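These notes are about the structure you will find just below.
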Amino acid sequence: MKHFIIEKDKSYTFSDYFKLDPPIRELLDYFGYSYQINEYQFPEKAPTDMQYFSGLHKQLKGHIQYVNLNNEIARRESLIAPVLFKVALYLKIRVDIEYPVKVNHQLKGKIDYFMRRENNLLIVEAKKADLQRGFTQLAVELIALDPRHEFVSCACRFGRVTASFVDYFGMKEM
Numbered sequence: 444m445k446h447f448i449i450e451k452d453k454s455y456t457f458s459d460y461f462k463l464d465p466p467i468r469e470l471l472d473y474f475g476y477s478y479q480i481n482e483y484q485f486p487e488k489a490p491t492d493m494q495y496f497s498g499l500h501k502q503l504k505g506h507i508q509y510v511n512l513n514n515e516i517a518r519r520e521s522l523i524a525p526v527l528f529k530v531a532l533y534l535k536i537r538v539d540i541e542y543p544v545k546v547n548h549q550l551k552g553k554i555d556y557f558m559r560r561e562n563n564l565l566i567v568e569a570k571k572a573d574l575q576r577g578f579t580q581l582a583v584e585l586i587a588l589d590p591r592h593e594f595v596s597c598a599c600r601f602g603r604v605t606a607s608f609v610d611y612f613g614m615k616e617m
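Offset between the sequence shown (1-based) and this note's numbering: plus 443.
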């Protein structure tokens with residue numbers, strides 16, 4: 444018999460998984476998923492007009508110089524949100540902030556940033572400096588957005604955990 448850190452009848456939010464810090468493989472196994480670390484090959488040439496994003500670097504450098512980035516809210520508003528807003532404007536998609544999700548009593552909570560376009564979905568979880576725990580929370584959020592739960596019907600799911608200066612990316616394969 445396996446011992447789970449998750450109690451079957453107990454209610455959990457996404458942020459509870461961050462606080463619990465369960466072993467990610469055991470947590471994903473509990474929900475019927477597995478975990479692999481793979482190298483993702485980004486396309487050599489992105490089909491993007493990089494000129495559109497040219498002023499963003501200067502803006503972010505200014506934020507780094509003139510904003511005290513010692514807490515999560517400051518980093519979210521100064522470094523993460525400007526990038527997501529610029530991408531959203533470019534792609535003409537919405538950015539939902541603190542997006543509420545409830546699948547069941549163990550898969551519920553708010554996603555920091557939620558963006559979807561046609562068959563793709565991106566969620567961004569902004570964390571202090573604990574990327575591993577943030578990635579555990581991101582994994583549960585990706586599970587909650589599985590089409591089997593009928594919450595959203597996007598084929599490709601991507602996630603990003605960021606501490607503003609370092610990022611982890613996750614992809615849920617269908």
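C-beta: ideal position from N, C-alpha, C; glycine also.
Since the model is a prediction, treat every value here as computed from it, not as a measurement.
Asked                                                                                                                                                     : Found
Which same chain residues end up closer than 7 angstroms to Phe528 when comparing Cβ atoms and leaving out the 5 residues on each side of it in sequence? : Val538
Since Gly552 contacts Thr456 with CB under 8 angstroms, what's their CB separation in whole angstroms?                                                    : 4 angstroms
Ordered along the chain, which non-local residues of its own chain (more than five positions away) have a Cβ less than 8 angstroms from that of Phe496?   : Lys529, Tyr533
Compare the C-alpha of Arg519 against each of Lys501, Gly498, Glu541 and name the closest.                                                                : Glu541
Quick check: what's the CA-CA separation for Gln575 versus Ile536?                                                                                        : 29 angstroms
Whole angstroms is fine: what's the gap from Ile449's alpha carbon to Tyr509's?                                                                           : 43 angstroms
Going straight from the alpha carbon of Ile586 to that of Gly613, what length do you get?                                                                 : 12 angstroms
Have a look at Gln549 and Asp464 and give me their C-alpha separation to the nearest angstrom.                                                            : 15 angstroms
Please report how far the alpha carbon of Leu512 lies from the alpha carbon of Ile523, in whole angstroms.                                                : 12 angstroms
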